[in-house]
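K.L.:
If you use my numbering, the sequence shown corresponds to residues 295 to 368, in order.
Can you read through this structure? Questions will come right after.
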Amino acid sequence: IELHNAGPVAIDLAGKSLTDDPALPRKYVFPLGTSIPAGGYLVVYADTATTLPGLRTGFALDAEGDLVQLYDSG
Numbered sequence: 295i296e297l298h299n300a301g302p303v304a305i306d307l308a309g310k311s312l313t314d315d316p317a318l319p320r321k322y323v324f325p326l327g328t329s330i331p332a333g334g335y336l337v338v339y340a341d342t343a344t345t346l347p348g349l350r351t352g353f354a355l356d357a358e359g360d361l362v363q364l365y366d367s368g
């Protein structure tokens, strides 16, 4: 999953979450210190290989197409 910040200031993602299931909106919660710089990108791996480096959701996406939702911390 590639997130892009087209804005002029950094976006703090700490506490915000991603999910592939609307019934579980906090399936993956971004850790403290996670942000996207102004004009920058952030890659999040949608896989279950949580012992590897990088931001990893713990859930995989269906190769045929799937839903990904980003939720605010509130």
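Ideal placement from N, C-alpha and C gives every residue a C-beta, glycine not left out.
(1) Between the C-alpha atoms of SER367 and PHE324, what's the straight-line distance to the nearest angstrom?
(2) Under the assumption that ALA357 contacts ILE295 (Cβ atoms under 8 Å), give the Cβ distance between them as a whole number of angstroms.
(3) In this structure, what does DSSP give as the bridge partners for GLU296?
(4) In its own chain, which residues sit with a C-beta less than 7 Å from the C-beta of LEU364, not counting the 5 before and 5 after it?
(5) Between the Cα of ARG350 and those of LYS321, GLY334, LEU361 and TYR335, spot the shortest distance and give me the residue it belongs to.
P.N.:
Taking the coordinates as given:
(1) Whole-angstrom Cα-Cα distance: 9 Å.
(2) Rounded to whole angstroms, the Cβ separation of ALA357 and ILE295 is 14 Å, and the two are not in contact under 8 Å.
(3) Partner residues in the beta bridge of GLU296, as assigned by DSSP, are VAL337.
(4) So the list reads LYS310 and LEU312, once near-sequence residues are dropped.
(5) Measuring from the Cα of ARG350, the nearest candidate turns out to be LYS321.
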